[in-house]
Each structure stands twice: as structure tokens, then as C-alpha cells.
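Residue numbers (our numbering), protein chains in the order written: chain A, 182 to 484; chain B, 182 to 484. Here is the structure we will look at, set down as C-alpha cells.
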């Protein structure tokens with residue numbers, strides 16, 4: 182469905198007008214009345230570039246429905262795997278590639294499902310609202326550390342998550358969290374607050390200091406898959422499934438990795454993705470990176 | 182997974198500085214050197230508020246995977262309905278409510294799946310790239326009319342759509358499009374260009390002039406459901422499933438409609454949603470509408 186609404190170009194045109202007027206002032210040596218910039222008149226408010234993503238993820242019925250739909254598919258898939266076990270887990274083995282994937286074996290292991298935490302099983306409402314409205318003079322790392330150390334109450338489960346995790350546990354499937362948070366205590370508090378626990382550090386909860394370099398979760402995934410038959414994984418970033426997606430490469434190359442002939446069939450069949458247009462590796466690229474060169478159009482008479 | 186990156190607040194602080202400087206200039210009667218605003222120095226570029234959504238939907242591996250996952254679930258669900266038919270369609274009957282849903286009957290009808298077009302089965306790459314970079318002096322309606330009238334080549338199917346629609350047709354399920362485009366010829370051209378056709382106006386393609394008021398698709402849905410047993414619907418906006426979602430109400434109320442006890446179970450079980458954080462009714466609300474009042478947090482020492 183299409184419709185008009187807020188135009189990004191309109192805002193950019195407004196800004197361009199402000200800037201060229203400022204430039205003209207500095208060149209002319211004359212001060213003239215500057216529309217919309219006196220303290221008494223309303224200033225044009227820059228739309229926060231994160232607002233639209235937050236409207237979508239935290240406010241919309243559409244993102245709510247996509248989250249529920251993903252949880253429904255995940256529970257159905259795991260239910261089928263419990264009834265009809267297969268030999269392989271859905272964790273790529275060390276040395277595997279996206280072109281020639283090999284998966285770790287399930288032989289003799291208890292079934293588990295492995296999840297990222299933030300914007301996968303819980304929504305960080307308190308942190309994100311503060312990010313939009315809070316003081317601009319604190320950098321992300323300090324702010325996020327404070328959030329991890331908080332009481333964890335200002336969260337909600339992603340729509341459908343609480344019932345889905347309960348269903349998995351009722352099937353005898355271990356629910357395990359693999360997060361890049363630094364604080365295991367903080368993660369467990371937030372998971373409990375969202376009604377998603379228990380999460381026990383070193384058993385069903387693994388955090389960044391437990392292994393791996395940077396954001397890479399493979400080391401912890403392999404550790405989990407030594408003990409468990411991982412029948413499903415869920416995340417909002419493709420690094421929640423394999424570090425191979427985050428190897429160097431451009432925007433189009435990364436998207437092509439998700440489309441690969443041996444990978445595409447895994448989405449919704451063992452690997453389950455939750456929407457997050459607010460932050461992360463999905464929000465990269467200039468216009469020429471995002472839009473294929475052979476799919477350009479402009480109205481007649483425009484370039 | 183979390184990480185820092187672009188701060189919306191940093192941009193807003195930059196803009197505030199520009200504006201207060203302009204204000205100071207106009208009050209002081211003096212022209213001073215204005216940082217970053219002379220034509221020779223690089224201007225601060227306002228992040229287009231639509232860019233992040235476009236990065237996500239058109240560029241990211243994550244949105245690609247979510248689209249594939251939704252198509253996989255849809256084809257599996259329809260396959261099951263074809264093997265094990267049920268009495269009811271997934272189209273709400275006239276007079277039904279979200280609290281007491283009643284569905285139109287399937288008795289004696291051939292199975293069909295009904296889809297929205299834009300950002301559901303195809304990605305409007307040409308239009309959206311132009312929207313980011315094109316001239317700012319044409320309004321949306323004129324621009325969109327030109328796009329509908331274009332050759333339709335600057336599109337791609339949503340990831341997984343082409344194979345999924347082929348699978349549905351191979352099962353004997355009619356693939357029907359219900360779009361709010363005005364031009365049936367233009368819609369058919371774009372669907373063909375994306376490899377998603379055929380779409381025959383009045384048979385498998387219905388456009389805005391075919392009935393309904395404004396964006397409401399119910400009239401056309403009911404017309405389709407008179408002839409067909411609609412076993413699944415797909416859309417990027419909840420109006421693609423029922424006009425009841427778009428009745429008056431705030432952001433939280435609309436989200437609660439998707440969560441309703443009789444509705445929540447339909448997501449992924451007959452109703453399938455595709456991601457679109459670029460435009461539409463999902464992108465509404467001020468901060469206080471998006472974030473629940475009982476889930477607020479700020480670092481210690483801040484309000």
C-alpha cells in the first residue's frame with residue numbers, strides 16, 4: 182500500500198535553505214531577517230533519524246505481527262524436530278563456509294534452541310526511549326553500561342516471545358541465550374523482568390566475556406553445541422547465526438550471503454530472524470550501496 | 182546484539198548549534214564566520230529520516246532473511262490447507278470485529294492466496310531511490326503517478342516471492358493481487374517485470390478504482406472471497422488483512438489490536454506480514470506514543 186506523508190527531501194530542502202542563507206549572510210556582510218531561526222519563532226525540528234525505526238519496531242502493529250509470526254514458525258519448526266529428530270544441528274561447524282555449509286552433529290545430545298537477547302527476545306524500551314530524549318553529552322558505551330547495570334525493569338518481551346519460550350521448555354528443549362552483553366547478572370535480571378527466564382550464566386546464558394573476539398558469537402555457539410543439539414536459533418542480526426555473515430564485504434555482498442543457494446533455505450527452517458530497523462549491521466550503506474544500479478528510475482525530464 | 186554508531190542526538194545538537202548561531206547573528210547585527218556553512222567548506226548533511234528504513238529494507242541481509250522466512254512459512258501453511266482443507270477462509274466477514282472475528286466460508290470455492298503488491302511481493306527500488314535523491318519540488322502524488330505509469334522495470338521481487346508464488350500456483354492455488362495502486366496496467370507491468378505475473382485485471386488483480394473508499398481494501402477482499410476460498414493473505418500493512426486495524430485509535434491501541442486474543446494466533450497462520458519500515462501506517466507516533474510510560478529509564482542522575 183502506498184501513500185504520501187513526511188518527505189525526507191522536504192526536510193533536506195529546508196536545511197539547504199538555512200545553510201545557503203547563512204552562507205549568503207557571511208558573504209554579503211549584511212544581516213537580514215532569517216526565517217524560522219529567531220528564538221521567538223518555531224524552529225524546524227530535525228526528525229531524529231532513529232525515530233522511524235523506533236516507531237516501527239516499538240510502536241507498530243506490523244512489527245508486532247512479524248514478531249509473532251516468527252515465533253509461531255519457530256515453535257512449529259522445533260516441535261517437528263523434536264518429533265522427527267535429524268542428525269545435524271543448525272550450528273555451522275568450524276571451518277564451514279556459506280558456500281559449503283557443514284553443521285555440528287546432534288548425536289547423543291539434548292535438544293536446545295539458542296537466542297540472542299536484545300531485540301530478539303526482549304525490547305530495550307527504557308534504553309531506546311532514553312536514547313531519543315536523553316542528554317546528548319554521554320556516549321553510547323557509557324549509557325549502555327548504565328543500562329546493563331540497571332534493574333532491568335524497563336523492558337518487555339518481543340511480541341510472542343514469552344509464550345514461545347514456555348512452549349519450547351514444555352517440549353523439553355533447553356532455552357539458551359548467547360548475547361554480546363558484558364554483564365551476565367544484568368542480562369539475567371532483564372530476562373527475568375521480561376518473564377523469559379531462567380537464564381543461568383555458563384549453563385543457559387553466555388555473555389561476551391565468555392569467549393570470542395569483538396561481536397563474534399561463534400566461539401560461544403560452538404561451546405553450546407558441544408553439549409546440546411541446537412535445533413533452532415533466533416536473532417535480529419545475522420551474526421546471531423554465524424560470524425561468516427560479518428566477514429568484510431559491502432552491503433550488496435552481505436545481502437547476497439543471505440541469498441546464497443545453501444543458505445536461503447535456512448531462513449524459517451532452523452534460523453529465525455526478528456525485525457530490528459533501529460540499530461545494527463543492517464543499517465549500513467549509502468544510496469548507491471542500497472539500490473542496485475540497474476534498478477534506477479526518475480520521472481521523465483529528470484536525471 | 183548492541184553497538185554504538187550514528188547518534189541521532191548528535192545530529193540534533195549540530196542543528197541546534199546552527200540555529201542558535203543564526204539566531205545570534207540576526208540579533209547581534211554582526212556577521213561572524215559561520216563554521217561549516219560557507220559554500221567552500223563541506224556542509225553538514227542531514228541524515229534523511231527515511232535512509233535507515235531503506236538501508237534496512239532494500240539493503241540488509243536481515244530484511245532479506247525475514248522476507249524469505251515469511252514466504253517459507255506462507256507456502257508451508259498453504260500446502261497444509263490444500264492437503265487438509267478447512268471450512269473457513271481467512272477473510273473476515275462484513276460486520277465481524279477483531280474481538281469476535283467471523284470468517285467467510287470456503288464451501289464450493291477454489292483456493293486462492295491474496296497479496297498486496299508494493300513492498301509485499303515487489304520492492305519499488307526505482308521509486309524509493311528517486312525519493313531519496315530526486316528533486317524536492319515534486320509532491321508525492323505526482324511522483325507516484327509517474328511511477329505507476331512507468332515501464333515498471335525498476336523493481337525486484339521481495340526475496341523469496343517469485344519462487345513462493347510459483348509454488349502456490351503449482352499447488353493449484355490462485356494468486357490474486359489486491360493493491361491500492363490506481364493503474365491496473367501499471368501494476369500488471371511491474372508484476373511482470375518482477376517475474377510475479379500473470380495478473381489479470383478483474384480476475385487476479387484488483388486496484389483502488391475497483392471499489393472501496395480511500396485505502397480500505399475490504400470491499401475488494403469480499404468480492405474476491407465470493408469466488409475464491411482465500412487460504413492465506415500477505416501484506417506489509419495491517420490494512421492488507423482487514424480495514425478494522427485502521428479504525429480511529431492511537432499507536433498503542435493499534436498495536437493492541439494485533440495482539441488481541443482472537444487475532445494474535447493468525448500471524449503466521451493464514452495472515453503473513455512482510456517488513457516495511459520505510460513508509461506506511463506503521464511509522465506513526467511521538468515518543469510518548471511509542472514507548473509505554475511504565476517502561477521508562479534514564480541513567481542515574483538524569484531525569
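From the three backbone atoms N, C-alpha and C, an ideal C-beta is built for every residue, glycine too. It should be emphasised that the depicted structure is a prediction, and the values quoted were computed from it without experimental measurement.
**Request:** Return yes when the Cβ of residue 236/A is within less than 8 Å of the Cβ of residue 154/B, no when it is not.
**Result:** Since the first and last residues shown for chain B are 182 and 484, residue 154/B lies out of range.
**Request:** Say whether chain A places a C-beta atom closer than 8 Å to the C-beta of residue 386/B.
**Result:** Cβ-Cβ to chain A under 8 Å: no for residue 386/B.
**Prompt:** For the ligand FAD, any of its heavy atoms closer than 7 Å to the Cβ of residue 236/A?
**Reply:** Looking for the ligand FAD in the displayed structure turns up nothing, as the structure carries no ligands at all.
**Prompt:** Would residue 338/A be called buried (16 or more neighbouring beta carbons within 10 Å of its own) or exposed?
**Reply:** Burial call: buried.
**Prompt:** In or out: residue 209/B buried (at least 16 other Cβ within 10 Å) or exposed?
**Reply:** Confidence at residue 209/B is low in this model, with a pLDDT of 37, below 50, so its placement is unreliable and no value can be given for it.
**Contact set for residue 445/B: own chain, Cβ-Cβ below 8 Å, skip 5 residues either direction** = Apart from the 5 residues on each side of it in sequence, residue 445/B sits with its Cβ closer than 8 Å to the Cβ of 439 in its chain, given in chain order.
**Message:** Going by DSSP in three states, residue 216/B sits in which element: helix, strand or coil?
**Reply:** Confidence at residue 216/B is low in this model, with a pLDDT of 29, below 50, so its placement is unreliable and the value that follows should be read with caution. Coil, per DSSP.
**Request:** Work out the CA separation of residue 365/A and residue 478/A for me, nearest whole Å.
**Result:** When only Cα atoms are considered, residue 478/A and residue 365/A end up about 50 Å apart.
**Message:** DSSP three-state label for residue 412/A, please.
**Reply:** Here residue 412/A sits in strand by DSSP.
**Prompt:** Going straight from the alpha carbon of residue 474/A to that of residue 266/A, what length do you get?
**Reply:** Looking at the two C-alpha atoms, the distance is approximately 45 Å.
**Message:** Rounded to the nearest angstrom, what separates residue 290/B and residue 432/B at their Cα positions?
**Reply:** If you take the alpha carbons of residue 290/B and residue 432/B, they lie about 37 Å apart.
**8 Å CB neighbourhood of residue 325/A in its chain, flanking five on each side removed** = Excluding residues within five positions, the ones whose Cβ falls inside 8 Å are 308.
**Prompt:** Can you name the residues of chain B whose CB is closer than 7 Å to the CB of residue 472/A?
**Reply:** Simply 239, 306, 310.
**Request:** Could you tell me whether the Cβ atoms of residue 279/B and residue 413/B are closer together than 8 Å?
**Result:** In this structure, residue 413/B does not lie closer than 8 Å to residue 279/B by Cβ.
**Request:** Leaving aside the five residues before and after residue 301/A along the sequence, list all residues of the same chain whose C-beta is less than 6 Å from its C-beta, in chain order.
**Result:** Apart from the 5 residues on each side of it in sequence, residue 301/A sits with its Cβ closer than 6 Å to the Cβ of 415, 416, 417, 455 in its chain, given in chain order.
**Request:** Starting from the beta carbon of residue 442/A, find every residue of chain B whose beta carbon is closer than 7 Å, and list them in chain order.
**Result:** Ordered by position in chain B, no residue passes the 7 Å Cβ test against residue 442/A, which lies about 12 Å from the chain.
**Asked** Which chain B residues are close to residue 476/A, counting only those with a beta carbon under 9 Å from its beta carbon?
**Response** Near residue 476/A (Cβ distances below 9 Å), the residues of chain B are 304, 306, 307, 310, 334, 335, 336, 337.
**Request:** Say whether chain D places a C-beta atom closer than 8 Å to the C-beta of residue 247/A.
**Result:** Within the model displayed, chain D is absent; protein chains A and B are what it includes.
**Prompt:** Taking Cβ-Cβ distances shorter than 7 Å, what residues in chain B pair up with residue 464/A?
**Reply:** Per Cβ cutoff of 7 Å: 233, 236, 237.
**Message:** Please list the terminal residues of the continuous beta strand (DSSP E) segment that includes residue 444/B.
**Reply:** Counting along the chain, residue 444/B falls outside any beta strand (DSSP E), and DSSP gives it neither H nor E.
**Item:** Beta bridge counterpart(s) of residue 286/B as assigned by DSSP
**Value:** DSSP output for residue 286/B lists 269/B as bridge partner(s).
**Message:** Taking the straight line between their C-alpha atoms, what separation do you get for residue 476/A and residue 294/B?
**Reply:** The alpha-carbon atoms of residue 476/A and residue 294/B are separated by roughly 28 Å.
**Residue-chain proximity (residue 267/A, chain B), Cβ-Cβ < 8 Å** = Taking a beta-carbon distance threshold of 8 Å, residue 267/A does not count as an interface residue toward chain B.
**Request:** Look up residue 478/B in the DSSP assignment and say whether it is helix, strand or coil.
**Result:** Of the three classes helix, strand and coil, the one that applies to residue 478/B here is coil, per DSSP.
**Prompt:** Would the segment 447–465 of chain B and the segment 238–256 of chain A be scored as touching if the rule is three or more Cβ pairs under 8 Å?
**Reply:** Result yes; three or more Cβ-Cβ pairs closer than 8 Å.
**Request:** Could you name each continuous alpha helix (DSSP H) segment of 4 residues or more that falls completely within the segment 373–415 of chain A, going from the start of the chain to the end?
**Result:** You should have 399–408.
**Message:** Measuring only the C-alpha atoms, how far is residue 233/B from residue 306/B?
**Reply:** Computed Cα separation, rounded: 15 Å.
**Item:** Helix, strand or coil at residue 470/A according to DSSP, with G and I counted as helix
**Value:** Of the three classes helix, strand and coil, the one that applies to residue 470/A here is helix, per DSSP.
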